[in-house]
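Student: Taking the working numbering, the leading residue of the sequence shown gets 306, the next gets one more, and so forth.
Heads up, the beta-carbon is just placed ideally off N, CA and C, and yes, glycines get one too.
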Amino acid sequence: MALIQVEHVSKDYKIIMQRPGAGNLLKNIFCPDTRLVHAVKDISFDIDTGELVGFIGENGAGKSSTIKMMSGILFPTSGNITVSGICPYLKRETNTRNIGVVFGQRSRLNWDLPMADSFELNKEIYRIDSGVFRKNVAMFVEMLQMQDFYHTPVRQLSLGQRMKAEVALALLHEPPILYLDEPTIGLDVMAKQQIREFIKERNRREGTTTILTSHDMKDLESVCKRIIILEQGRILFDDSIERFRQEYAKEAVAEFTYTVKKSGMNILPAHIHVIEEKEHRLVVRFLLSEMTTARLVGTIADYYEINDFSIMPPDIEDMVREIYAKKGNNNT
Numbered sequence: 306m307a308l309i310q311v312e313h314v315s316k317d318y319k320i321i322m323q324r325p326g327a328g329n330l331l332k333n334i335f336c337p338d339t340r341l342v343h344a345v346k347d348i349s350f351d352i353d354t355g356e357l358v359g360f361i362g363e364n365g366a367g368k369s370s371t372i373k374m375m376s377g378i379l380f381p382t383s384g385n386i387t388v389s390g391i392c393p394y395l396k397r398e399t400n401t402r403n404i405g406v407v408f409g410q411r412s413r414l415n416w417d418l419p420m421a422d423s424f425e426l427n428k429e430i431y432r433i434d435s436g437v438f439r440k441n442v443a444m445f446v447e448m449l450q451m452q453d454f455y456h457t458p459v460r461q462l463s464l465g466q467r468m469k470a471e472v473a474l475a476l477l478h479e480p481p482i483l484y485l486d487e488p489t490i491g492l493d494v495m496a497k498q499q500i501r502e503f504i505k506e507r508n509r510r511e512g513t514t515t516i517l518t519s520h521d522m523k524d525l526e527s528v529c530k531r532i533i534i535l536e537q538g539r540i541l542f543d544d545s546i547e548r549f550r551q552e553y554a555k556e557a558v559a560e561f562t563y564t565v566k567k568s569g570m571n572i573l574p575a576h577i578h579v580i581e582e583k584e585h586r587l588v589v590r591f592l593l594s595e596m597t598t599a600r601l602v603g604t605i606a607d608y609y610e611i612n613d614f615s616i617m618p619p620d621i622e623d624m625v626r627e628i629y630a631k632k633g634n635n636n637t
């Protein structure tokens, strides 16, 4: 049985529409116009224990609503969700002990107290064993390099330091499931990398099932093995990142180093586009539908004495952008 089961789930919101003009003030208060927004539309998927799953989607695609329903914050309009064998929004207290949650824009840290005090408070809320608490605090502080600011008031921390603390706080009680909604938004490169490595290490050590939403595709590529792409509340794709590349990748980039260019061989075939050629280094782009890696290397070898080569996988962000652009064109 899957750890998380989402079955035909939909979520609708009523949005109040304001009529313009002072004459409509009382109408807006007592008889407001409303519009029904279908944030999530009949989605189904399972997540197994230990999986690292990324949610991709534009703003309004339904990512955050789905995470909030799985974490028990929101009720679905229809459908069923089961997490660790229980309904998360009907048995919230039990569910809360099984999950850790980080929402990028909402802090659980006490703004006026040192980070250490928020950790101590979390220990009491979750009734964490003192030995487990000390072990996890020492481990998390070291892994996330928080030694220098562990006793600093939260209001004095940088955004990157606060987000490290948020992720650590969510895992202090060793939950089997971790939900991360935009945990690296606005962070610098170093802070992002440290958080990504921390998430992967907790999954490796403890088998923590992790569900991550992010607009940063490097988060998803670095952390997740599987991605679910949402588009206007529906699932557009649900499979491994490798499968996504196989299905949607069109071009790849290859880099060669060579000793010499063969005499009389000047122009590469038209289906191999040269991006850069400089100082015995050649970078080309090629269509995956027209050429295998072996054929590419063989063709380049006809023109150059090759020393080494590497193939760079297609950029997942470019592929996702192209998918949304096509869907947008189809809807116009």
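Since T562 sits in a beta bridge, which residues does DSSP pair it with?
Tutor: R586 and D613
Student: Based on DSSP bridge pairs, tell me the residues matched to I532.
Tutor: G359 and D544
Student: Output needed for P574: all residues of its chain with C-beta closer than 7 Å, excluding positions within five of it in sequence on either side, in chain order.
Tutor: T604
Student: By how many angstroms is the C-alpha of F542 removed from the C-alpha of F549?
Tutor: 8 Å
Student: Looking at I348 and I482, is the spacing between their C-beta atoms short of 9 Å?
Tutor: no
Student: If you draw a straight line from the alpha carbon of A599 to that of S527, how long is it in whole angstroms?
Tutor: 27 Å
Student: What is the C-beta distance between L350 and T518, in whole angstroms, given that I count them as a contact (C-beta under 8 Å)?
Tutor: Going by the sequence as given, residue 350 is Phe instead of Leu. Actually they do not touch by this definition, with Cβ atoms about 14 Å apart.
Student: Rounded to whole angstroms, what is the Cα-Cα separation between L593 and V602?
Tutor: 13 Å
Student: Report the residue ranges of all beta strand (DSSP E) runs contained in full by the stretch 439 to 521; include only those spanning at least 3 residues, in chain order.
Tutor: 482 to 486 and 514 to 518
Student: Quick one: give me the first and last residue of the alpha helix (DSSP H) that C429 is part of.
Tutor: A small fix is needed here, since residue 429 is Glu in this sequence, not Cys. Note, E429: alpha helix (DSSP H), M420 to Y431.
Student: Apart from the five residues just before and just after F408, which ones in its own chain have a Cβ nearer than 7 Å to its Cβ?
Tutor: The residues are D486.
Student: Beta-carbon within less than 7 Å of R507's beta-carbon, same chain only, minus the 5 sequence neighbours each way: which residues are those?
Tutor: L476 and T513
Student: Across which residues does DSSP place F335 in a beta bridge pair?
Tutor: Bridge partners of F335: none, in fact.
Student: Of the choices Y563, L357, V459 and T489, whose alpha-carbon is the least far from that of D544?
Tutor: The closest CA to that of D544, considering only Y563, L357, V459 and T489, is found on L357.
Student: DSSP three-state label for F549, please.
Tutor: In the three-state reduction of the DSSP assignment, F549 falls in the helix class.
Student: Taking DSSP as the reference, what is the three-state secondary structure of Y394?
Tutor: coil
Student: Measure the beta-carbon distance from A496 to M468 and round it to whole angstroms, keeping in mind my assumption that it falls under 8 Å.
Tutor: 7 Å
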